[in-house]
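J.: Take this structure first; my questions come after.
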Amino acid sequence: MSKRHLPLIATVLVFVLVYALCAAQYPKMLSFRVVGNLLTDNAFLGIVAIGMTFVIVSGGIDLSVGAVIAFTTVFLAIAIDRAGMPPFVAFTLIVAIAILFGAAMGTVIHYLKTPPFIVTLAGMFLARGACFLLTTDSVPVTHELYGTLNGLYFKLPQGGRLSLIAMIMLAVLILGALLLHFTRFGASVFALGGNIQAAEMMGVRTGRATVLVYALSAGLSGLAGIVFSLYTSAGYSLAAVGVELDTIAAVVIGGTLLSGGQGFVLGTFVGVLIQGLIQTYITFDGTLSSWWTKIVVGLLLFAFILLHRILVALSARRAASARRAAGARGSVQ
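Residue numbering for the sequence shown follows the numbering used here, beginning at 46 and increasing consecutively.
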């Protein structure tokens, strides 16, 4: 097992340990009903976090994801409930808009050599401002299709339900893992995050890869917005405030290096589940403040950042030792 898998292993062990501690105090947390609710409640966060994994592995950052989710919910509410647009037409249109928005940010980042932090921060303000241009109110979605889609689920034992939006998240998880870890595009993403100059020398089309990474992130944010819209049956301009930070936290806890070049889609999924598990425990307890979720996640972030730094230092020491050994052999020859 290579050292690059250690953060992923640590993430899985943390999840198992936390779940075991929670279940020891509240045995009902082991029920399939809780598992189903855990997946459903965190479906939108899981989808957007998978997109963020591609961005961070490529060495970038995307601060616009929460605003894109909010814009999606507002757009769908107005288009479907007020303008009478067929829901699936609205779904397709908003995902296309989100993809174009992400591609535009990727284009600016690569061809104008602008830091991703600045570009996506501007994108965040643009998307959030567009929400308020459309409406400042919470707009309910009353279309009957929403009720039908929310009523679709796969039965689990013990009265549990695997909802449609949870199944969408699991499908995105599988496709995202295949795309990142088993395709040429995924290899290009890792090359971007490892060393962009070396990637260009190896023939990687870095401009194309950068544009596609941000288009993918924004497109998945749009899909997450659709899932969030189905979950809440409403559109609101202040929806998903701070989700970009929760998303980045899930990705880092999942074993992805913030500097890029290393990451796991599965780890991100487990990072999302850890956050959801903490919230579920707080709900079961009934006496703890919801802010404990942020505190625990912050502590986990510090721990995983420290683990990443240790691994980087060990790799650098090993590389230096190898160079010295090679130099010594050259001198002897």
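Each residue gets a CB set at the ideal place from its N, CA and C atoms; glycine is no exception. Please read all numbers here as calculations on a predicted model, not as lab measurements.
Return the chain-ordered ranges of every beta strand (DSSP E) run that is complete within the stretch 298-346 and spans a minimum of 3 residues.
T.: none
J.: By how many angstroms is the C-alpha of residue 77 removed from the C-alpha of residue 68?
T.: In the sequence shown, the residue the question calls residue 68 occupies position 23. In the sequence shown, the residue the question calls residue 77 occupies position 32. Near 13 Å, if we compare the C-alpha coordinates of residue 77 and residue 68.
J.: I need the straight-line Cα distance from residue 272 to residue 85, nearest angstrom please.
T.: On the sequence shown, position 227 is the one that residue 272 refers to. On the sequence shown, position 40 is the one that residue 85 refers to. Roughly 10 Å between the two C-alpha positions.
J.: In whole angstroms, what separates the C-alpha of residue 91 from that of residue 151?
T.: The residue given as residue 91 occupies position 46 in the sequence shown. The residue given as residue 151 occupies position 106 in the sequence shown. Rounded to the nearest angstrom, the two C-alpha atoms are 22 Å apart.
J.: What separation, rounded to the nearest whole angstrom, lies between the Cα atoms of residue 83 and residue 327?
T.: In the sequence shown, the residue the question calls residue 83 occupies position 38. In the sequence shown, the residue the question calls residue 327 occupies position 282. Near 13 Å, if we compare the C-alpha coordinates of residue 327 and residue 83.
J.: Would a C-beta distance cut-off of 7 Å place residue 172 and residue 113 closer than the cut-off?
T.: Taking the first residue of the sequence shown as 1, we reach residue 172 at position 127. Taking the first residue of the sequence shown as 1, we reach residue 113 at position 68. Yes, the Cβ-Cβ distance between residue 172 and residue 113 is below 7 Å.
J.: Quick one: residues in its chain with C-beta nearer than 7 Å to the C-beta of residue 156, no 5 flanking neighbours on either side, listed in chain order?
T.: Sequence index remark: in the sequence shown, residue 156 carries index 111 (1-based). Cβ neighbours of residue 156 beyond the five flanking positions: 252.
J.: Would you mind working out which of 88, 106, 363, 104 sits nearest residue 392, comparing C-alpha positions?
T.: The structure shown does not extend to residue 392, since the chain spans only 46 to 378, so no value can be given for it.
J.: Spell out the partners DSSP gives residue 207 in its beta bridges.
T.: On the sequence shown, residue 207 is found 162 positions in, with the first residue counted as 1. According to the DSSP secondary-structure assignment, residue 207 is paired through a beta bridge with 199.
J.: Leaving out five residues before and five after residue 293 in sequence, what residues of the same chain have Cβ atoms less than 6 Å from its Cβ?
T.: Against the sequence shown, residue 293 aligns to sequence position 248. So no residue of the chain qualifies.
J.: Please report the distance separating the alpha-carbon of residue 308 from that of residue 162.
T.: By 1-based counting over the sequence shown, the position of residue 308 is 263. By 1-based counting over the sequence shown, the position of residue 162 is 117. About 19 Å.
J.: Going by DSSP, what residue range makes up the alpha helix (DSSP H) through residue 86?
T.: In the sequence shown, the residue the question calls residue 86 occupies position 41. Its alpha helix (DSSP H) spans residues 77-86.
J.: Please name the residue in 64, 52, 57, 100 whose C-alpha comes closest to that of residue 379.
T.: This structure cannot settle anything about residue 379, because the visible part of the chain is limited to 46 through 378.
J.: Pick out whichever of 51, 71, 50, 52 has its Cα sitting closest to the Cα of residue 322.
T.: Numbered from its first residue, the sequence shown carries residue 322 at position 277. If we check each option's Cα against that of residue 322, 71 comes out closest.
J.: Assess, as a yes-or-no matter, whether the stretch 179-189 is touched by the stretch 276-290 under the definition of 3 or more beta carbon pairs within less than 8 Å.
T.: Short answer: they touch.
J.: Counting C-beta neighbours from all protein chains within 10 Å, is the total for residue 335 16 or more, i.e. buried, or is it exposed?
T.: Along the sequence shown, one-based indexing puts residue 335 at 290. It is exposed - the Cβ of residue 335 has fewer than 16 other Cβ atoms within 10 Å.
J.: Residue 263: which of 346, 168, 314 sits nearest, CA to CA?
T.: Start at 1 with the first residue of the sequence shown, and residue 263 comes out as number 218. Minimum Cα distance to residue 263 is reached at 168.
J.: Which residue wins for smallest C-alpha separation from residue 94, given the options 214, 51, 53?
T.: The residue labelled residue 94 in the question sits at position 49 within the sequence shown. Considering only alpha carbons, the answer is 214.
J.: Would you mind giving the Cβ-Cβ distance between residue 210 and residue 259, rounded to the nearest angstrom? I have them listed as a contact below 8 Å.
T.: Numbered from its first residue, the sequence shown carries residue 210 at position 165. Numbered from its first residue, the sequence shown carries residue 259 at position 214. The pair is not a contact, with the Cβ atoms about 24 Å apart (cut-off 8 Å).
J.: List the residues that DSSP assigns as beta-bridge partners of residue 186.
T.: The count along the sequence shown starts at 1 and reaches residue 186 at position 141. Per DSSP, none; premise fails for residue 186.
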